[in-house]
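Report on the structure given below.
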Amino acid sequence: MHLILFFLFAGFCLAGAINLLWQTHPINSALSLIVVMTSLAVLYLLLGAEFLAIAQIIVYAGAVMVLFTFVVMLLNAGREERTLGSRAAARVGFPAVVVLLAVLATIILRAQGLASAHLGQGLTSDPNSSNLVLLSQVLFHELLLPFELTSVLILIAILGAVAIARREGSEVGGSERTAEK
Amino acid sequence: MNGPPHLWLIPLLPLAGFLLNGILGARLPRWLVTTIGLLAPLGALAVVLNATAVAASHPGITVCKGCTYPQGSFYLPNVETCPHAWIALPGLHVDFTFVLDQLSLVMLLVVTGVGFLIHVYSVGYMRDDPGYARYFSYLNLFLFFMTTLVLAGNVLVMFVGWEGVGLASYLLIGFWFQKPSAAAAGKKAFIVNRIGDFGFLIGIFLLLANFGTLTFSEIANKLAASPIWSSGVLTAICLCLLAGAAGKSAQLPLYVWLPDAMEGPTPVSALIHAATMVTAGVYMIARTHFLFDRAPIALGTVAIVGAATAIFAATIALAQNDIKRVLAYSTISQLGYMFLACGVAAYSAAIFHLVTHAFFKALLFLAAGSVIHAMGGEQDMRKMGGLRKKLPVTFWTMTVAVFTIAGFWPLAAFYSKDAILYAAFVHGVGGKFLWFVGLVTAMLTALYMFRLWYMTFFGELRTADAHPHESPWSMRAPLIVLALLSICGGWIGIERFSSYLAPAVGLHPAVSSFPHLELILGIVAVLVALEGFLIADKYYRRKTERPAQLAAAMPAEYKLLANKYYVDEFYDARLVKPLFWFSQFVLGWVVDFAILGGIAWLLAGIANLSGAILQRWQSGNLRSYAAWLALGAAALLLFVLLGHHFAEPPRIMVNLVRGH
Amino acid sequence: MSFMQHDVPLTWYLLLSAVLFSLGVVGFLIKRNLITVFMSIELMLNAVNLSFVAFAYQWHAVKGQIFVFFVMMVAAAEAAVGLAIIIAVFRTRATLAVDRIDLMKL
């Protein structure tokens, strides 16, 4: 069961990733990425990280990717064209990445002592605690400060995003006037 | 009255005056500036007089170490040393030492006494000058350095005073610095002095190398202790010291700054360039007489330099028309006499002449200043005349001074000049030649001084619109005091003076087997002076058109004298211009512009070039940034993975790769 | 073990993570649209997250999952700010082509 689920959703991941690269219109890429995110959520479930799976769906697939889709639709940039630069990048980039993948694969395959993932087995077999309990115990005791700081970080991100993306009156007037000329 | 002499007060009071007037002077009311400016030299003079009284109250002015003295008094030489050493190194130990012995006491009396009189004179002379406070602060600064020089117990402290009086001289010559000629004269004085000081410095180095100490008494002791000092070394040292003295005392060939120094105010010329600073060279030679005594070649050089300068300057003075220039060349000439005296080892005679010269030369300058003040700034004698009725006090005091410098009996310079000429005459064959030169110079001295006297005070006033008026009392009083001193200053006599100075400069009596030689030589000198007076009388009082005819008859000789033998032009062409060219072209263009500028340009070029090359990297192209990022990450990864060839990799990687 | 109960070796999870990461790098290097490049970055982050979860399972260390949690938070913040910047860039450059946005100053 585990195997089938793994192969299925790993396949979805790979298909989505490859599609992300294959598509020329960014909206298609965004939708492919949503597929990848969701499949990854399932894979987290298989590995016993229930909270993370839900967080992945809610935060990543549900918020971040929606944001991406929204921006793509807002800017309405259109399809990519093939240019000289992109061709050169492809010629250099592909072999480099193949090398990278080869190195990583070598390391992973030569590693010994890795366990196998068993379906339904989480981080603890204690019936009273679950993945969520473990997570929250560490998060709210040891790592309380980083947790709070993360919220500050998000606040800063919000402020930054608002400040950067907001239209300023003079800028708009200036650009409109130059556009009229 | 019987306490220690507190020598440190003597320089310190003028220094305090300098600081107060220099910093606050512009804001203080004039009477306060005057008070501070006068109190400083007066205080120094009071300390010196106190020291004189104590030193003179002991039985026998010469040192008597065996006697008992009342408690709290001192005897000469009195040494005061600052408890903190100045330089305390293994090879060199120098203290701040002040020494009061007979020689420095005499010099101090002259410096502070005449200095005080000139300060009083300046109150009247500089009354209308806007730089009044600055003037007094500079004068006090000069006094500080001069007293330091005189009181110095070692060569280095003397050098401090030496350089300091050069600085004060520069500041005072260029006092009216808005005048370009005054500023140039100040620079010339300082630079020519510096050339002499270079010789002095070499002399100091040689002294240190050979004696290991710079204190006068220690050097004298070491010299006296061993008779085997190589005269070559001593000659070298003495010649270097002579170079310094020649620069400071305006002897050949470094005299060119003194006539130009007349650009400064007349009291400055009186104080610095007649009575005190220019005599520092003579003082220095007298102070180091123990070195010169053992280097006869150097001593001979001193004598020759002195005699040559004396006659050289006297000839130039004959053809000068500026009253102060005549007096300047006269000063150079009289300093030549003092050097001549030192050169025949008659140090006491030199100091004696120094003292009398201070009196009459200061008087001459101050009286000339009074004349200039009366003529509203006019200094050309051809425009003066007939002033003796209008300026009576000035006239009579200047008459005393002119007769003194000519060497008439019984005025002061007769005794001192006679002592010098007598000592020269008995000094061997060369001495007789020097005596003759000195005699000719005496005649020339009388001639040009009486020429000055006649042109200024007799005849008719040659400028129509001048209104000469007598000077205020602050200017007349010092004239009278100095005149009195000129009259009776020589009456102490050379014998008593020599015996007084003997502990400091050694006793070198001039003895001759011929009886009454001194008397005969004295009569000859007076006759020669009389001849000069008569010639001047003929040419400048009775037949006043003759000088112009003579000048027209011998145009080349006259031009030579009037243009001071073209020495300044010679120096300018041979020394100044090449130096100028060297600085401008070699140092300015080659070194400064080409080499240093080239190096700077090269460095900038390298920075620019590397910047231009590296700039390409920051193309703004996102993809290239991405590519470089990836490359960097890959390199890091590679380094971590393959780093186990060179270093210990992280344990996790080891475990993974090796498989535990 | 039968086919249905067969366990999945963690090696496969790690390999998947490596492949996803490499695909992300490829997209980062060759894609021309700025937003697509940004999405490739997100793909890379997710691949690493998977790797972390796998190792958390391996050593029963919840800290691995907490790290994933934080990565997610930071990625969210980064996505927000990054997209705001992209909007600002688009406003002045009127293009999202990576080659054309080569002046650092807007």
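Residue numbers (the numbering used here), protein chains in the order written: chain A, 207 to 387; chain G, 311 to 970; chain E, 2 to 107. From the three backbone atoms N, C-alpha and C, an ideal C-beta is built for every residue, glycine too. Quantities reported herein were computed from a predicted structural model and do not represent experimental measurements.
Would you kindly check if the distance between the Cβ of residue j and the Cβ of residue i is under 9 Å?
i      : j      : result
G:A478 : G:A336 : no
G:A937 : A:V298 : yes
G:L697 : G:L771 : yes
E:L35  : E:V99  : yes
G:V502 : G:G557 : yes
G:G738 : G:F649 : no
G:L516 : G:V543 : yes
A:A367 : E:A81  : yes
E:L16  : A:L320 : no
G:E627 : G:I730 : Here residue 627 of chain G is Ala; the residue named in the question, Glu, does not match the sequence. No, they are not a contact pair.
A:L310 : E:S23  : yes
G:L323 : G:G353 : yes
G:G679 : G:Y435 : yes
G:G686 : G:M765 : no
Please list, in chain order, all residues of the same chain as residue i whose beta carbon is under 7 Å from its beta carbon, the five residues on each side excluded.
i      : result
G:S726 : A659, F662, H663, T666 and G800
G:F487 : A493
G:T611 : L549 and L552
A:L341 : F257
With 16 as the cutoff for other CB atoms within 10 Å, does residue i come out buried or exposed?
i      : result
G:D438 : exposed
A:I362 : exposed
A:N337 : buried
G:N450 : buried
G:D882 : exposed
G:V424 : buried
G:A904 : exposed
G:G653 : buried
G:A978 : Only positions 311 to 970 of chain G appear in the structure, and residue 978 of chain G is not among them; the question remains open.
G:A914 : exposed
E:L84  : buried
G:W472 : buried
A:V272 : exposed
E:A55  : buried
G:I633 : buried
A:A369 : exposed
Could you give the DSSP three-state label for residue i: helix, strand or coil?
i      : result
G:T457 : helix
A:E256 : helix
G:P782 : coil
G:F408 : strand
A:E377 : Confidence in A:E377 is poor, its pLDDT being 49 and thus under 50, which makes the residue's placement unreliable; the coordinate value appears in the next sentence. DSSP places A:E377 in helix when its eight states are reduced to three.
E:Y14  : helix
G:G370 : For G:G370, the predicted structure reports a pLDDT of 44, less than 50, and the residue's modelled location is therefore unreliable. A value from the coordinates is still provided. In the structure shown, G:G370 sits in coil (DSSP, three-state: anything other than H, G, I, E or B).
G:Y379 : Bear in mind that a pLDDT of 40 at G:Y379, under 50, signals an unreliable position, so the model cannot answer this.
G:I626 : helix
G:H316 : coil
G:S658 : helix
G:H403 : strand
G:V358 : helix
G:D690 : strand
A:S235 : helix
G:E390 : strand
E:I102 : coil
G:T525 : strand
G:S432 : helix
With respect to 8 Å, is the separation between the Cβ of residue i and the closest non-hydrogen atom of the ligand PLP below this value?
i      : result
G:A605 : No copy of the ligand PLP occurs in the structure displayed, which carries no ligand at all.
Looking only at its own chain, which residues have a Cβ that is under 6 Å from the Cβ of residue i, when we skip the five neighbours before and after it?
i      : result
G:P321 : F454, T457 and T458
G:C374 : With a pLDDT of 36 at G:C374, under the threshold of 50, the predicted position of this residue should be treated as unreliable, though the coordinate-derived value follows. If we look at G:C374 and ignore the five residues flanking it on each side, it has no Cβ neighbours.
G:N631 : D690, M691 and R692
G:T391 : D405 and T407
How close, in whole Å, do the beta carbons of residue i and residue j come, if the pair is a contact with beta carbons under 8 Å?
i      : j      : result
G:I505 : G:F469 : Actually they do not touch by this definition, with Cβ atoms about 15 Å apart.
G:A310 : E:L30  : No information on residue 310 of chain G is available, as it lies outside the stretch 311 to 970 that chain G covers here.
G:V409 : G:G463 : 4 Å
G:P387 : G:D411 : 4 Å
G:V475 : G:M572 : About 17 Å; that fails the 8 Å criterion.
G:A684 : G:P778 : 4 Å
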